[in-house]
Structures are given as C-alpha cells and as structure tokens.
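What follows is one structure encoded as structure tokens, with my remarks underneath.
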Amino acid sequence: MKKKYRKLPRNTDYSAYRHPRWWPTWLGISVMWLVAQLPIRFQWWLGKVVGLLAWKLAKSRRHITEVNIRLCFPELNEQQQTALVRNAFIANGIGLMELGIAWFRDPAKLTGMTRIHGIEHFKQALEAGKGVLLLGGHYSTLDLGGSLVTEYIEADVMQRDHNNPLMNAVMTRARGRRYGTVLGARDLRGLFRSLKKNRAVWYATDQDYGRKDIVFAPFFGIPAGTITATSRIAERSGCKVVPFSHFRRDDKPGYDIYFHPALENFPSGDDLDDATRINAVIEQEIRKAPDQYLWMHRRFKTRPDREDPGFYGRKRKE
C-alpha cells in the first residue's frame, strides 16, 4: 500500500478522499482532533502513556534507539542509557500529542508559555537581504515548535510528504496555515525562489538520506552520512544559515525557542568542514535536552565503507 501511495501526487483537496478506503484514516484524524482539544497537561500525561507503550511494544524502534544512545553517549553507564531510551520514547509520545495542537489548534494561545532566545540573530541575518536558511533538527517538538516559531517570524518550510496522501493533505494544509509556503523536500527551485524574496526557510539535514551527495562527518563522534546540499544552497543563493531549535520544558508546560548567530564564513569551500560544523551545531542543541531528539531514526545506517558492518543488526539497503 505504501508503494501505491507514493505514486500519487500531492492533493490537498479533501473532496478527493471520500472513498471508504480513506475512512480509517479519517477516523484517526478525528481522534487526533478530539485529543488536541484537551488541556495541555492532560495531553502531556496521555503522551507519556503512549510513549511508554511504544517503549514496551515497538521493539524494533527501541533497538534502534538503544543503539543510537549507546553510540552517542558512551560516557553514560548502562542504567543511564536505559533511562535515556525510555525518556526519549516518552518525549516523542508527548510530541505526538503536540502534533494535534499544531495542526488543529491556534498555537498563538501558547505564546504566553513560550520563551524566545536570540531572535536578534535571526533579524540581523535577514537584514543581509539574501534570505535565511533556518537550520533545524528533528526534535520531538518538530511541528508544534515550528508553528510557535511562526508567531514571531515569517517563514516557509520544506517537508518530506507523508506516505498516506490523506494524512499528507491534512499535514500540508495545517502547515500552510502557519507557514507562507510548504515546499516539497526536493523542490529546490521553490527553495531558491523563497530565498530570493528574502524569506526564511525551515530546513533540516540531520537524517540519513543514503549515499547520494554526502560526506561522512562526525556526529557525536561517529562518522555520519551528511548531505552537502546546505553548502550548495548557501553558495548559490548567498543566504545566511541560522541554527535554531525548540524544546519543551521539564518543570512545567512551556517551550523554549533558540536562534543562534548565522554561521560565519559559510560555505567554506570544503564540504567536509561545512558538514562537520553543521553536525556540531545540531549536536550542541541536542545536548540541551537529549531525550527530546528523534533517536528512533537510523542515523548511522549508511557506513563510510559499504563493507563496514551495520550498527543495527540488519542488512542495509544501499
């Protein structure tokens, strides 16, 4: 079914999804909408329950998370690593609840519990007039954090479309209400058009996209396949690359959004050096709240040498 879905073009017209085969997806979306109307404290509690269930039952994802935590935090003892894995599932369970808030509620109502740090760095970068590439990461606050950001700045976003066309339609329409333009992951022309208009574009490079156009740069000390597109985009457009992140607070419901100074002398002309800098910035942000990162992704599945043994215990597809 996934392969069939992927052949379908992006269609955000809900009238295209009246057939009974879409009813299960509509049911799931309805549940998301209902949960999104609940008080945020209850949603956090429910997210914790969902996360713990996934930690118990999603053995494959738990294994991937355990491997990533073991590789990236060798300084932690076994008990600490186990606790971090568990907390990562809890954080991402809460993030699932926040997805509904981002899609179906007005994030403006959460600005009272949101703190912005370093927005002057973003404004300074935008004054250069060449656009801003917002260097983000796959934190558990991905959608809600992004929605909250648009309460303070104007931005476009690049997204990988969902495999389910109806879910993708809901996601795209929801993001379209918050961002100026929702670009496809491969829509480089659209990206350059946005930058030419001196707009900011949310952009993430912290996943493993295979062997095409990558270098192996250290990420938590492990050689990780890292795309070089960021350097190409900055070189061609002259845009500023501004790292930013977003996390939920541990002590009480609330969120922190961080903007950092634009990367200086970027691109440098050395793809490996640029990728190393980018990974170091993302790593620095992750360490603020290690449990709030998407450790369920096989970040190190592509190895420097095709004959290198995989970390995750399964045959790799190149």
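Under my numbering, think of the first position of the sequence shown as 12, with each following residue one higher. Don't be surprised by glycine CBs; every beta carbon is placed ideally from N, CA and C.
Looking at residue i and the ligand FAD, is the gap between the Cβ and the nearest heavy atom below 7 Å?
i       : result
Asp-167 : Although the ligand FAD was asked about, the structure shown includes no ligands whatsoever.
According to DSSP, residue i sits in a beta bridge with which residue or residues?
i       : result
Lys-334 : The structure shown does not extend to residue 334, since the chain spans only 12 to 329, so no value can be given for it.
Asp-167 : Val-212
Ala-240 : DSSP lists no partner for Ala-240.
Asp-267 : Arg-126 and Phe-258
Tyr-25  : Bridge partners of Tyr-25: none, in fact.
Ile-225 : Ile-238
Ile-233 : Phe-230
Tyr-304 : Tyr-150
Val-193 : Val-168
Taking the C-alpha atoms as reference points, what is the distance between residue i and residue j?
i       : j       : result
Ile-101 : Lys-59  : 5 Å
Glu-329 : Leu-121 : Model confidence at Glu-329 stands at a pLDDT of 40, short of 50, so the residue's coordinates are unreliable; what they give is reported in the following sentence. Spanning the two alpha carbons is a distance of roughly 43 Å.
Arg-332 : Phe-270 : Residue 332 falls outside the range modelled here, since the chain spans only 12 to 329, and no answer is possible.
Glu-318 : Phe-227 : 15 Å
Thr-192 : Ala-136 : 20 Å
Thr-161 : Arg-186 : 10 Å
Lys-141 : Met-169 : 18 Å
Asp-282 : Tyr-190 : 30 Å
Lys-13  : Asn-175 : Unreliable placement is indicated for Lys-13, whose pLDDT of 44 sits below 50; the coordinate value is still reported in the next sentence. Rounded to whole angstroms, Lys-13 to Asn-175 spans 7 Å at the Cα level.
Ser-26  : Leu-194 : 22 Å
Ser-205 : Val-143 : 9 Å
Glu-138 : Glu-131 : 11 Å
Arg-288 : His-128 : 21 Å
Asp-172 : Arg-21  : 8 Å
Met-43  : Ala-119 : 19 Å
Leu-146 : Thr-241 : 9 Å
Are the beta-carbon atoms belonging to residue i and residue j less than 8 Å from one another?
i       : j       : result
Tyr-323 : Arg-314 : no
Val-212 : Ala-166 : yes
Ala-113 : Ser-158 : yes
Pro-278 : Asp-267 : no
Asn-103 : Gly-62  : yes
Whole runs of the beta strand (DSSP E) within the segment 97–150, excluding any shorter than 3 residues: Every unbroken stretch of the beta strand (DSSP E) spanning 3 or more residues and falling wholly within the segment 97–150 is given here in chain order: 125–128 and 143–147.
The segment 286–293 touching the segment 32–52, judged by at least three CB pairs closer than 8 Å: no
Meets three-Cβ-pair contact criterion under 8 Å: the segment 251–262 and the segment 146–154: yes
Three CB pairs or more closer than 8 Å across the segment 55–75 and the segment 107–125: yes
Given 8 Å, three or more beta-carbon pairs between the segment 66–85 and the segment 26–46: no
Three CB pairs or more closer than 8 Å across the segment 202–221 and the segment 238–254: Verdict: yes, contact present.
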